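S.K.: Positions 1323 to 2107 (our numbering) are the ones given, in order, by the sequence shown.
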Amino acid sequence: MAIPMNSYDLLKSIVQLSMTSFPISIKLDRMVQSISEAFPSARCLLLKPEEITRDGFLFRLASEKEPLWVEDGSSFQKENVLPEEESFLYPSFACIPLNDETTSQGILYLGFPKPHPFSPEEVELLLLIGEVMAGVIQNEHLYQKAEETISELKALHEMGKAVASTLKLENLFPLIVTTGLKILKAKGGVLRIEDKRTKELKLKWSVGNYHQHPLDEKIAKRVFYTQTPLFFNHFGEEKPSFSILCAPFLSQGQILGTLAFYDKDSDASKFDKKDFQLFLMMVNQLSLAMENALTHYEISNMAQENEKRVAQLSTLWELNKALLTTVHFERILHLTLTAITIGEGLKFNRAMLFLVNEKDRLLQGAIAVGPDSAEEAGKIWDTLSREKGPLSDRIAQFTSPNHSHLNEIVKGIRIPLEKEQCILSRTVLEGKPFNIQSHQSKEGGAQIGCDRGCRLGSEVGCYVGEHLSRDPKVYSFATVPLMGKGKVIGVILVDNLYNQNPITEEDIHFLSMFSNQAGLAIENAMLYRNLEQVHDELKETQNLLIQREKMVALGELSNSIAHEIKNPLVSIGGFARRLYRTIPDDTMEKQYTQTIMTEVARVEKILTDIFNYTHDESMAFKPCNLRNILEESLSLTQEKIAAGKVELVKDFSEEIPQINGDSHQLRQVFSNLIHNAYQAMKGEGKLSLRLHSIAKNGTSYVEVEIADTGGGIDPENLHNIFNPFYTTKDKSLGLGLPIVHKIITSHRGQIEVDNHPGKGVNFIITLPASEQGRESRCQMAEDHP
1323 MAIPMNSYDL LKSIVQLSMT SFPISIKLDR MVQSISEAFP SARCLLLKPE
1373 EITRDGFLFR LASEKEPLWV EDGSSFQKEN VLPEEESFLY PSFACIPLND
1423 ETTSQGILYL GFPKPHPFSP EEVELLLLIG EVMAGVIQNE HLYQKAEETI
1473 SELKALHEMG KAVASTLKLE NLFPLIVTTG LKILKAKGGV LRIEDKRTKE
1523 LKLKWSVGNY HQHPLDEKIA KRVFYTQTPL FFNHFGEEKP SFSILCAPFL
1573 SQGQILGTLA FYDKDSDASK FDKKDFQLFL MMVNQLSLAM ENALTHYEIS
1623 NMAQENEKRV AQLSTLWELN KALLTTVHFE RILHLTLTAI TIGEGLKFNR
1673 AMLFLVNEKD RLLQGAIAVG PDSAEEAGKI WDTLSREKGP LSDRIAQFTS
1723 PNHSHLNEIV KGIRIPLEKE QCILSRTVLE GKPFNIQSHQ SKEGGAQIGC
1773 DRGCRLGSEV GCYVGEHLSR DPKVYSFATV PLMGKGKVIG VILVDNLYNQ
1823 NPITEEDIHF LSMFSNQAGL AIENAMLYRN LEQVHDELKE TQNLLIQREK
1873 MVALGELSNS IAHEIKNPLV SIGGFARRLY RTIPDDTMEK QYTQTIMTEV
1923 ARVEKILTDI FNYTHDESMA FKPCNLRNIL EESLSLTQEK IAAGKVELVK
1973 DFSEEIPQIN GDSHQLRQVF SNLIHNAYQA MKGEGKLSLR LHSIAKNGTS
2023 YVEVEIADTG GGIDPENLHN IFNPFYTTKD KSLGLGLPIV HKIITSHRGQ
2073 IEVDNHPGKG VNFIITLPAS EQGRESRCQM AEDHP
C-alpha cells in the first residue's frame, strides 16, 4: 500500500501539535484524531500504561519495545491474548510502543476493518509519529517533574524561612510538623526530642493519633539509637496498614530527636522513594534550626536559672543582713521566721521554729510567725505589698504580736526525740528535710504522704497534723533541719495553709540554704546568750565576793559595836523591867519605864538583824514545798489582813515541783515581803499571791509573785532597795529587803521588781526546781507532748 497522500501534512500536523502549549491530553487526543483521519482505520487510540493489563500480549509488546504489524488477523496467534484484549483483534491492526530510554509511555493502536498490508513507508511514518508522541509524553513528564521539584524546593525554602523566624521551641515544634504535612501530603506526624536529663525520647508534638500506634515509639527509638532513617510501607490484612517516613535530627554528629510522618494523603496512602528523598532533605534542613532552637532554649534556661540564683543569693544576702542586725536570741528567732514568711523572702504563709533540748532529749517549740486566720493573712499581705525599701530594713523593722494563737500553740509543744513517728523528730534524727503532701488514698480517704517514703495518716497521731492544721487529714507542710556547727540544733516547719500553694523541691532547697545561715546565726546568738549568762553569773559572784568582804568587815565592826552596846543594854533592859514591876500602874513613871523597855527591844532587834545580815548562817537544804511555806508565811499576817480592808487573791497551780532550800529562811523571805506589802497598802487594797512553774532554756523553775496596790516604789529609790541600811521609813534600819535578796541568791534564785509607780509593786522570785522536780516535769512532757 502507498503512503497516504497527506502523509507530509499528517507529520507536519503531529509536529505542530507537539509544539503547542495545549495540555498534553488535548495534544494527544488531536494527534490520535489526525492519525485516524489519515489512515482508513476503524479504531485508533492511545493506550496508557495503566490501561494495559499485565500478562497480556499488549503488556509484552510494551515490555519488549517492539512494534507489531498484523496484516491478516486470521493468522495471529491468540494464545497470549487476554479476554479483555480480544476487542483489539481486528482483521488487521498495528501496535506501536511509545518508549523513552527507560520506561514505556503507552501504545499507539490502529485497527482496520479488513486486511491491510503495511508498506515500508507507512511503517516508517507510524514509527516516526510514535517517536514524536513518546517525546511529547516524556517532555510532559519531565516538565511535571521539574514543576514538582521547583514546588518542593520552594516549599523547603519557605519552610526554612519559617523555622528560621523563631527560636522558641513551643512555636518551632508545631511549625515543623504542620509544614512537613503540607510538603509530604501526609495525614499525620510525630516529633520527639531527647530529654538531656533522662536521655529518653519525649513526645513534643503530634498531628493525628499516630503517636498511639503500637509501633510508633519502637520505630522512633530504633531510628534514634541507630541514627538511620527508615522508609517503611506495611499493607496487609493481619495488622493495620500504614506507611511511615522516620529520620533522626542530626547536627554535627549529635542526635537531637526524631521526626516521623504517616500515610500519604492519596488513594494509595503510600510514600514512595521520591517522598523519602524529599523527607530526608527536609530533615537535614530542619536539624540545624532544631539545634539552634534547642541551644537557645538551654541558654535561656541557664539565663533564667542564673537570674533565679542571683535573685536567691540577693535575697539570702538581704536576709543575712537582717540577721546581722542583732545578737539578741529572741530577736534572731523572730527575724529568721519573718524572713521565711515575708513576700520578698521565702514567701511561706506560716513558719514555726523548734529547738533541740539536748539535756532532756526534747524538741521544744520556740516561736511561730504567721497569721491566725485567712482574713488576717490577707490584711498582712496587703500591708506588706505597699511597703517599700530594702528587704533587710523591712524585716528588721517588722514586729509580730507575741499573743498570737499559733505562737502559743508552738511554744507549748514538747516532743521527745525518740518519738520517731513524728516528722519533727525524724527531721532532727535523720538530718534531712521532709515535704509532706496530702492526697486522696485509693479507698477515698485523705492521707498525709511523705515523698521520701513516709506515709502518715490519722492512725499515726502526727503531732504536727493534729495541732497546727485546720484539717489534719489534708495538711501539707515541710520541715528542714536547722544546722549549727556540725549538728542539728532545731527544726523549721513551714506551710501554705491559707493560699494552698504547693511546696516544691526548689522551695525546700532555698529554705535549706537559708536555714544553714539562720542556724549559724541562732547558734551564735545562743552562745552569746550563754556568754552573757556566764558573765552575769561571774559578775554576780564577783559582787557577792565583794559583798562578803564588806560583810566580813562590817561583821567585825558590828560585833565590836554590838558587844559594847549589848552589855550595857542588857543592864538597862533588866533594870527597866524590874522598875516596871515595882512602879504603880497609874503613874507617869510607869509609862516612862514602858518606853525604855520598848526602845531597848527595838535596839536589840536592830543588833540581831545586823548580826544576821553580816554573818553567813549555815543553811539546811532539803526538798521544800513552796505552797506550804507560802501558806505558813501568810498565816503570820492573816489576822491583820482579815481585820482590815485588804482583798487577798491566791493563784496557786496544782502541780508545783519541789525545790531544794532552807524552809526557815524562805519563810522569813515571804513573811517579810507580805508584811511590807501590807504596810504599803496601809490596811486597804489588794494583795495577790501567785505560784506556778516555768521552764527556761530547758530547765524547770518555780516562780512566786507577791503583788500589792500600795502605790509602788519611787523610781529614784528603786535601785537602792536591796542596799543595806537604805530605808525611806522612819522606824526601819533598811535590812529587810537586803536580807531577802541575800537569802534568795544563796538559794541560786532571782528576785525581780515589777514596779508601777502610783499603782503598786510586784516582787517576782524565781527558784530552780530540784532534780526530782525536773524529772517529773520531763515525764509530764512525755505523757502530754
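The beta carbon of each residue, even a glycine, is placed where N, CA and C say it ideally should be.
All values reported here derive from a predicted model rather than from experimental measurement.
Select from Gln1626, Glu1954, Leu1677 the residue whose C-alpha is nearest the C-alpha of Phe1651.
M.R.: The residue labelled residue 1651 in the question sits at position 329 within the sequence shown. Comparing Cα-Cα distances from Phe1651 to each of Gln1626, Glu1954, Leu1677, the minimum goes to Leu1677.
S.K.: Starting from the N-terminal side, write out each stretch of the alpha helix (DSSP H) that is 4 residues or longer and does not extend beyond the segment 2058-2088.
M.R.: Listed in chain order, the complete alpha helix (DSSP H) runs (minimum 4 residues) inside the segment 2058-2088 are 2058-2068.
S.K.: Compute the Euclidean distance between the alpha carbons of Glu1698 and Asn1671, then round it to the nearest angstrom.
M.R.: Here residue 1698 refers to the residue found at position 376 of the sequence shown. Here residue 1671 refers to the residue found at position 349 of the sequence shown. Distance between the alpha carbons of Glu1698 and Asn1671: 11 angstroms.
S.K.: Give the DSSP-derived three-state secondary structure of Asp1817 in the structure shown.
M.R.: The residue given as residue 1817 occupies position 495 in the sequence shown. Reduced to three states, the DSSP call for Asp1817 is strand.
S.K.: Report the residue from Asn1614, Phe1546, Gly1734, His1997 whose alpha carbon sits nearest the alpha carbon of Leu1685.
M.R.: As a working note, residue 1685 is residue 363 in the sequence shown. Selected option, being the one with the closest Cα: Gly1734.
S.K.: Are the beta-carbon atoms of Leu1970 and Leu1929 separated by less than 8 angstroms?
M.R.: Mapped onto the sequence shown, residue 1970 falls at position 648. Mapped onto the sequence shown, residue 1929 falls at position 607. The answer is no: Cβ separation not under 8 angstroms.
S.K.: For chain D, check one thing: does any of its Cβ atoms lie closer than 8 angstroms to the Cβ of Ala1364?
M.R.: Included in the structure is just one protein chain, with no chain D present.
S.K.: Looking at Gly2032: is its Cβ nearer than 8 angstroms to the Cβ of Gly2082?
M.R.: Reading the sequence shown from its first residue, position 710 is the one you call residue 2032. Reading the sequence shown from its first residue, position 760 is the one you call residue 2082. The answer is yes: Cβ separation under 8 angstroms.
S.K.: With three or more C-beta pairs closer than 8 angstroms as the rule, is the segment 1497-1512 touching the segment 1579-1598?
M.R.: The answer is yes - the segment 1497-1512 touches the segment 1579-1598, with three or more Cβ pairs under 8 angstroms.
S.K.: Under the rule that 16 or more other beta-carbon atoms within 10 Å means buried, what is Glu1878, buried or exposed?
M.R.: Your numbering for residue 1878 matches position 556 in the sequence shown. Glu1878 comes out exposed.
S.K.: Who are the Cβ neighbours of Glu1911 in its own chain at under 7 angstroms, not counting the five residues just before and after it?
M.R.: As a first step, residue 1911 is located in the sequence shown; it is residue number 589 there, counting from the start. Contacts found: Ile1905.
S.K.: Does Gln1980 come out as helix, strand or coil in the three-state DSSP assignment?
M.R.: Taking the first residue of the sequence shown as 1, we reach residue 1980 at position 658. The answer is coil: DSSP assigns Gln1980 none of H, G, I, E or B.
S.K.: Please name the residue in Glu1620, His1618, Val1649 whose C-alpha comes closest to that of Thr1853.
M.R.: Here the question's residue 1853 lines up with position 531 in the sequence shown. First, the residue type needs correcting, since residue 1853 is Leu and not Thr in the sequence shown. Leu1853 has its Cα closest to that of Val1649, out of Glu1620, His1618, Val1649.
S.K.: The alpha helix (DSSP H) with Gln1987 in it runs from where to where?
M.R.: Counted from its first residue, the sequence shown places residue 1987 at position 665. That run of the alpha helix (DSSP H) goes 1985-2003.
S.K.: Would you mind stating whether Phe1546 and Ile1566 have Cβ atoms separated by less than 8 angstroms?
M.R.: The residue given as residue 1546 occupies position 224 in the sequence shown. The residue given as residue 1566 occupies position 244 in the sequence shown. It is not a contact, given that the beta carbons lie outside the stated cut-off.
S.K.: Nearest-angstrom Cα distance between Pro1890 and Arg1924?
M.R.: Taking the first residue of the sequence shown as position 1, residue 1890 is located at position 568. Taking the first residue of the sequence shown as position 1, residue 1924 is located at position 602. Using only the alpha carbons, I get a separation of about 15 angstroms.
S.K.: Taking the alpha-carbon positions, what's the Asp1813 to Arg1949 distance?
M.R.: The count along the sequence shown starts at 1 and reaches residue 1813 at position 491. The count along the sequence shown starts at 1 and reaches residue 1949 at position 627. With the sequence shown as reference, residue 1813 is identified as Val, and Asp is not the correct amino acid for it. Cα to Cα, the separation comes out at about 37 angstroms.
S.K.: Under 8 angstroms, do Arg1683 and Leu1739 count as touching if we go by C-beta distance?
M.R.: Counted from its first residue, the sequence shown places residue 1683 at position 361. Counted from its first residue, the sequence shown places residue 1739 at position 417. Yes, the pair counts as a contact, with Cβ atoms nearer than the cut-off.
S.K.: For Asp1594, name the three-state secondary structure that DSSP assigns.
M.R.: The count along the sequence shown starts at 1 and reaches residue 1594 at position 272. Asp1594 falls in the coil class under three-state DSSP.
S.K.: Is it the case that the Cβ atoms of Pro1413 and Lys1436 are separated by a distance below 8 angstroms?
M.R.: Indexing the sequence shown from 1 puts residue 1413 at position 91. Indexing the sequence shown from 1 puts residue 1436 at position 114. For Pro1413 and Lys1436, yes; Cβs fall inside 8 angstroms.
S.K.: Nearest to Val1337 by CA position, among Leu1849, Gly1452, Asn2042, is which residue?
M.R.: Locating residue 1337 in the sequence shown gives position 15, where the first residue counts as 1. Answer by Cα proximity: Gly1452.
S.K.: Can you have a look at Asn1531 and say buried or exposed, based on whether 16 or more other CB atoms are within 10 angstroms of its CB?
M.R.: In the sequence shown, residue 1531 corresponds to position 209, counting from 1. Burial call: exposed.
S.K.: Which residue wins for smallest C-alpha separation from Val1458, given the options Glu1401, Leu1368, Thr2021?
M.R.: For this step, residue 1458 is matched to residue 136 along the sequence shown. Nearest of Glu1401, Leu1368, Thr2021 to Val1458, Cα basis: Leu1368.
S.K.: Output the distance between the C-alpha atoms of Thr1500 and Met1603, rounded to the nearest integer angstrom.
M.R.: Locating residue 1500 in the sequence shown gives position 178, where the first residue counts as 1. Locating residue 1603 in the sequence shown gives position 281, where the first residue counts as 1. Distance between the alpha carbons of Thr1500 and Met1603: 16 angstroms.
S.K.: Report all residues from its chain with a CB closer than 7 angstroms to the CB of Lys1356; omit the five preceding and five following residues, and keep chain order.
M.R.: Taking the sequence shown and counting its residues from 1, one reaches residue 1356 at position 34. A small fix is needed here, since residue 1356 is Ser in this sequence, not Lys. Once the five neighbours on either side are set aside, the close Cβ partners of Ser1356 are Leu1332, Ser1335, Ile1336.
S.K.: Measure from the alpha carbon of Phe1379 to the alpha carbon of each residue in Ala1360, Asp1394, Ser1397, Glu1408, then state which is nearest.
M.R.: By one-based count along the sequence shown, residue 1379 stands at place 57. Selected option, being the one with the closest Cα: Glu1408.
S.K.: Contact between the segment 1975-1989 and the segment 1942-1956 is defined here as three or more beta-carbon pairs at a separation below 8 angstroms; is this criterion met?
M.R.: The segment 1975-1989 is in contact with the segment 1942-1956.
S.K.: State buried or exposed for Arg1903, treating a residue as buried only when at least 16 other CB atoms are found within 10 Å of its CB.
M.R.: The residue labelled residue 1903 in the question sits at position 581 within the sequence shown. Label assigned to Arg1903: exposed.
S.K.: Among His2063, Leu1958, Ala1690, Glu1954, which has the Cα closest to the Cα of Asn1865?
M.R.: Your numbering for residue 1865 matches position 543 in the sequence shown. Of the listed residues, the one whose Cα sits closest to Asn1865 is His2063.
S.K.: So what does DSSP say about Arg1949, is it helix, strand or coil?
M.R.: As a first step, residue 1949 is located in the sequence shown; it is residue number 627 there, counting from the start. Arg1949: helix per DSSP, three-state reduction.
S.K.: Enumerate, from N- to C-terminal direction, the unbroken alpha helix (DSSP H) stretches of 4 or more residues contained entirely within the segment 1435-1516.
M.R.: Those alpha helix (DSSP H) runs which fall completely within the segment 1435-1516 and span 4+ residues are 1442-1486, 1491-1506.
S.K.: Taking the alpha carbon of Ile2066 as the point to measure from, which residue in Asp1908, Tyr1914, Glu1862 has its own alpha carbon closest?
M.R.: Translated into positions along the sequence shown, residue 2066 becomes position 744. For the residues Asp1908, Tyr1914, Glu1862, the minimum Cα distance to Ile2066 belongs to Glu1862.
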